[in-house]
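Line by line, the protein sequences are chains A and B.
If you're matching positions, the first sequence starts at 0 in numbering that gives the first Met the number 0 and goes up one per residue.
If you're matching positions, the second sequence starts at 0 in numbering that gives the first Met the number 0 and goes up one per residue.
Note sheet for the following structure.
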Amino acid sequence: MTDRDEPLLHAQGLVRRYATRRGLFGRVTEVRAVDGVSLTLRRGRTLGLVGESGCGKSTTGRMVLGLEVPDEGGVAFRNDRMPPPGTPEWRRLRARMAMVYQDPLGALDRRLTIGAQIAEPLEIHGLGTPADRPARVGALLRDVGLRADHAARYPHELSGGQRQRAVLARALATGPDLLVCDEPISALDVSIQAQVMNLLSEVQARTGVAILFISHDLRAVRQMSHRVAVMYLGRVVEEGEPDAVLHAPAHPYAQALVSAIPHPGRTGGRIVLTGDPPNPAARPAGCAFHPRCAQAAALCARATPELKRRAADGRLVACHVAHGEVAPGDGMASRPIPAREPA
Amino acid sequence: MLRFLLIRLARALLTLALVVTFAFVVLRLSGDPALLIMSADAPPEAIAAFRAAWGLNDPLWQQYLRYFNAIFRGDLGQSMRDGRPAIELVAERVPATLALTIPALLIKIGLGIPAGVYAALHRNSFADRAVMLLAVAGFTVPSFVLGLLLVLVFAVTLGWLPSGGQESWRHAVLPVITLGIGGAAVLARFTRSAMLEVLGQPYMRTALAKGVPWSVAVRRHALPNAAIPTVTIVGFMMGSLLAGAVVVESVFSWPGVGRLLVVAVANRDLAVVQCILLLVAATMVMANLLVDLLYGVLDPRLRLSATGGAA
Numbered sequence: 000m001t002d003r004d005e006p007l008l009h010a011q012g013l014v015r016r017y018a019t020r021r022g023l024f025g026r027v028t029e030v031r032a033v034d035g036v037s038l039t040l041r042r043g044r045t046l047g048l049v050g051e052s053g054c055g056k057s058t059t060g061r062m063v064l065g066l067e068v069p070d071e072g073g074v075a076f077r078n079d080r081m082p083p084p085g086t087p088e089w090r091r092l093r094a095r096m097a098m099v100y101q102d103p104l105g106a107l108d109r110r111l112t113i114g115a116q117i118a119e120p121l122e123i124h125g126l127g128t129p130a131d132r133p134a135r136v137g138a139l140l141r142d143v144g145l146r147a148d149h150a151a152r153y154p155h156e157l158s159g160g161q162r163q164r165a166v167l168a169r170a171l172a173t174g175p176d177l178l179v180c181d182e183p184i185s186a187l188d189v190s191i192q193a194q195v196m197n198l199l200s201e202v203q204a205r206t207g208v209a210i211l212f213i214s215h216d217l218r219a220v221r222q223m224s225h226r227v228a229v230m231y232l233g234r235v236v237e238e239g240e241p242d243a244v245l246h247a248p249a250h251p252y253a254q255a256l257v258s259a260i261p262h263p264g265r266t267g268g269r270i271v272l273t274g275d276p277p278n279p280a281a282r283p284a285g286c287a288f289h290p291r292c293a294q295a296a297a298l299c300a301r302a303t304p305e306l307k308r309r310a311a312d313g314r315l316v317a318c319h320v321a322h323g324e325v326a327p328g329d330g331m332a333s334r335p336i337p338a339r340e341p342a
Numbered sequence: 000m001l002r003f004l005l006i007r008l009a010r011a012l013l014t015l016a017l018v019v020t021f022a023f024v025v026l027r028l029s030g031d032p033a034l035l036i037m038s039a040d041a042p043p044e045a046i047a048a049f050r051a052a053w054g055l056n057d058p059l060w061q062q063y064l065r066y067f068n069a070i071f072r073g074d075l076g077q078s079m080r081d082g083r084p085a086i087e088l089v090a091e092r093v094p095a096t097l098a099l100t101i102p103a104l105l106i107k108i109g110l111g112i113p114a115g116v117y118a119a120l121h122r123n124s125f126a127d128r129a130v131m132l133l134a135v136a137g138f139t140v141p142s143f144v145l146g147l148l149l150v151l152v153f154a155v156t157l158g159w160l161p162s163g164g165q166e167s168w169r170h171a172v173l174p175v176i177t178l179g180i181g182g183a184a185v186l187a188r189f190t191r192s193a194m195l196e197v198l199g200q201p202y203m204r205t206a207l208a209k210g211v212p213w214s215v216a217v218r219r220h221a222l223p224n225a226a227i228p229t230v231t232i233v234g235f236m237m238g239s240l241l242a243g244a245v246v247v248e249s250v251f252s253w254p255g256v257g258r259l260l261v262v263a264v265a266n267r268d269l270a271v272v273q274c275i276l277l278l279v280a281a282t283m284v285m286a287n288l289l290v291d292l293l294y295g296v297l298d299p300r301l302r303l304s305a306t307g308g309a310a
């Protein structure tokens, strides 16, 4: 294992645009699903990626894996540029990275046994001999808390949690350096969620795999991650240590997200967002969040804030107000500043 | 497995009994066989004699029981037209019909499935759109229109093929094509949508993300999974091997089961109609049984294994 501080993965300024058409003869409009996202991931570390549906989390995950080619920017994996999809180098790289999806039943081919599906990546990458594959599959199953005899089962014969374990065993079959987990627990029961998260942490401690943990579940992200990035409409708006970002968020959107975590005994005090939910096809000018932001100033509608380090505490945040460049609500007509529910 | 088969078989027999009953009721409701066969201006004594000879004076439930009992013993009755056993009349038409429907089924499978798979794999390409346009055209045009169109072009205008009759294999070409095209179009559409569904599944994306080459992923994961809904349609087509050619046989004056059915219905020849219905229902039921067994092979969720499994 090489130096832990050397970044395993570095994504710089990723942009992904889609062209969509409204109706048969509608005008083609450009949708920026991801609009300048930079990420760094080190070995043995977990980066949590948080944001609501449609903010570009999953697209970012696919570009990081090299499954989708960014329109701008680039991904470097172990200091090498991501090769174009389909090339032999790209295919070899598949063994070094893996992904886990939300729906474990959909991620498994219902006609094949668990064992056959875990062995598939080994066959594809020519790892081991056919003779010792059953033993390897058995070991992989035990590593994720299943029994070796589960290899003969079909996906429908396992419970939801067992299926996600099997999916994880398949993802780990080639001994990858990077695991992208796209909402890995949102389809599971709460009790199973905890088991799967513990399993991921265990696997990481044992193998040193780096994890990109994509989720909208803030508490799961806090438990899993060493760093957290909050995305809004294709951009990272805040990034930092989970405790800092999720306890004292600097960006108004992150504040609203954090205040939405339910707490027993708390009444009120939630920040309720008003305005339209974000639509990447009609991205507001300036700061994309300003139409829904209680602290927006006139500047926010004009200038797009950069993601930069805040002088006071070194937090990475993209907000004019958080950086003190403008006072909350400055230059706005008569906008009620406190959008908090009465406590 | 044996239990599964026995239950299926029992259900199949029940279906057949219902079909027989239905045929009996419908044919009796729609007219007096004695009048239809003897014609309305026959002497009353002749009609009475005909009724007595065929037991048409007995109460309906007695006729029904007698009929059912006879079928149970394998006696499907005699044609009221010429007194020959109905089963014999039907049996001698079966080969002619199969000579049309089996090649047509091969065309449907051989043309429809590859076209659907190709269209799905090249989604939104020119080829995909062309295939789908042809498919829509293929199954919206009724078979009698398509048949007449083919006759007009290949028999009347070009004179390459005969327009009707059953003297040689050349006579079978046009009816087989007419039957095949419509089915191929239906199958192409079903196969395409089944493939598209499977291609979008997370396990396909996962396989590709794991570095499985596209062709291997298609062969290993996509095709077998897409086969499951496609088998249903093929099974349905097999079920109509005997009855699916009624219209086409009429258009091309092909002496098969379909034409016999048309004639027998027009003549109220009860025994023949019932015999054909029973035969058609039996093929349909057999095809369904076959599909169920194939499902077990293709989809482990439906397989009744002895080992069982976790709930």
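Each residue gets a CB set at the ideal place from its N, CA and C atoms; glycine is no exception.
Grab the span of the beta strand (DSSP E) containing residue i for me, first residue to last.
i: H250 of chain A; result: H250 of chain A -> no beta strand (DSSP E), and no H or E assigned at all.
i: E71 of chain A; result: E71 to F76
i: F212 of chain A; result: A209 to S214
i: L46 of chain A; result: T45 to V49
i: Y329 of chain B; result: Since the first and last residues shown for chain B are 0 and 310, residue 329 of chain B lies out of range.
Tell whether a beta-carbon distance below 9 Å holds between residue i and residue j.
i: L187 of chain A; j: Q163 of chain A; result: yes
i: H215 of chain A; j: V49 of chain A; result: yes
i: I311 of chain B; j: L297 of chain B; result: There is simply no residue 311 of chain B to check, as chain B begins at 0 and stops at 310 in what is shown.
i: L66 of chain A; j: L207 of chain B; result: yes
i: I210 of chain A; j: L178 of chain A; result: yes
i: C299 of chain A; j: G313 of chain A; result: no
i: C274 of chain B; j: L97 of chain B; result: no
i: A297 of chain A; j: D275 of chain A; result: no
i: L276 of chain B; j: A119 of chain B; result: no
i: Q77 of chain B; j: A90 of chain B; result: no
i: A151 of chain A; j: I117 of chain A; result: no
i: E248 of chain B; j: P141 of chain B; result: no
Spell out the partners DSSP gives residue i in its beta bridges.
i: Y17 of chain A; result: A:V30
i: R180 of chain A; result: Just to set this straight, residue 180 of chain A is Cys in the shown sequence, not Arg. Bridge partners of C180 of chain A: A:V99 and A:F212.
i: T14 of chain B; result: Paired residue(s): none; T14 of chain B is not in a bridge.
i: Q203 of chain A; result: DSSP output for Q203 of chain A lists no bridge partner at all.
i: R308 of chain A; result: A:L315
i: R80 of chain A; result: A:A75
i: R41 of chain A; result: A:P6
i: Q77 of chain B; result: B:P84
i: Q294 of chain A; result: Q294 of chain A is not bridged to any residue.
Between which two residues does the alpha helix (DSSP H) holding residue i run?
i: V236 of chain A; result: Premise fails: V236 of chain A lies in the beta strand (DSSP E), R234 to G239, not in any alpha helix (DSSP H).
i: Y294 of chain B; result: L269 to L297
i: M230 of chain A; result: M230 of chain A -> not in any alpha helix (DSSP H); beta strand (DSSP E) instead, spanning R226 to Y231.
i: E248 of chain B; result: V245 to V250
i: C299 of chain A; result: A297 to R301
i: G170 of chain B; result: One point to set straight first is that residue 170 of chain B is His, not Gly, in the sequence displayed. From DSSP, the alpha helix (DSSP H) with H170 of chain B extends over W168 to L198.
i: M237 of chain B; result: L222 to G238
i: I106 of chain B; result: V93 to I106
Using only alpha-carbon positions, find the residue among the options that is nearest to residue i.
i: G54 of chain B; options: B:A45, B:R65 and B:E44; result: B:R65
i: G125 of chain A; options: A:A150, A:I260 and A:A172; result: A:A172
i: A326 of chain A; options: A:Q294, A:A310 and A:P87; result: A:Q294
i: R191 of chain B; options: B:V135, B:V245 and B:A90; result: B:V135
i: A106 of chain A; options: A:C180, A:C54 and A:E88; result: A:C180
i: I108 of chain B; options: B:V230, B:A280 and B:T282; result: B:V230
i: G207 of chain A; options: A:H246, A:R41 and A:L306; result: A:R41
i: V14 of chain A; options: A:E71, A:G55 and A:E51; result: A:E71
i: E182 of chain A; options: A:G323, A:E51 and A:A18; result: A:E51
i: T303 of chain A; options: A:E324, A:G264 and A:I123; result: A:E324
i: R10 of chain B; options: B:G210, B:R92 and B:A280; result: B:A280
i: Q11 of chain A; options: A:A32, A:V99, A:V63 and A:G47; result: A:V63
i: P120 of chain A; options: A:D142, A:R91 and A:G144; result: A:R91
i: G210 of chain B; options: A:H149, A:E88 and A:V257; result: A:E88
i: S57 of chain A; options: A:L8, A:Y231 and A:Q194; result: A:Y231
Kindly examine the ligand MG and report whether one of its heavy atoms sits closer than 8 Å to the Cβ of residue i.
i: P183 of chain A; result: This structure simply doesn't include the ligand MG, nor any ligand for that matter.
- Say whether the region 161-172 of chain B touches the region 251-266 of chain B, bearing in mind that this needs 3 or more beta-carbon pairs closer than 8 Å, one atom from each stretch. yes
- Query: Does the pairing of the region 221-238 of chain A with the region 29-37 of chain A give three or more beta-carbon distances under 8 Å?
  - Reply: yes
- Message: I'd like to know if the region 98-115 of chain A and the region 144-157 of chain A are in contact, where contact means that at least 3 CB-CB pairs between them fall below 8 Å.
- Response: yes
- Query: Is the region 275-294 of chain B in contact with the region 234-251 of chain B, if contact means three or more CB pairs nearer than 8 Å?
  - Reply: yes
- Message: Check whether the region 213-225 of chain B and the region 121-139 of chain B are in contact - that is, three or more C-beta pairs closer than 8 Å.
- Response: no
- Message: Any contact between the region 258-268 of chain B and the region 15-35 of chain B? By contact I mean 3 or more CB pairs, one from each, below 8 Å.
- Response: yes
- Query: Are the region 164-184 of chain B and the region 63-78 of chain A touching by the rule of at least three beta carbon pairs closer than 8 Å?
  - Reply: no
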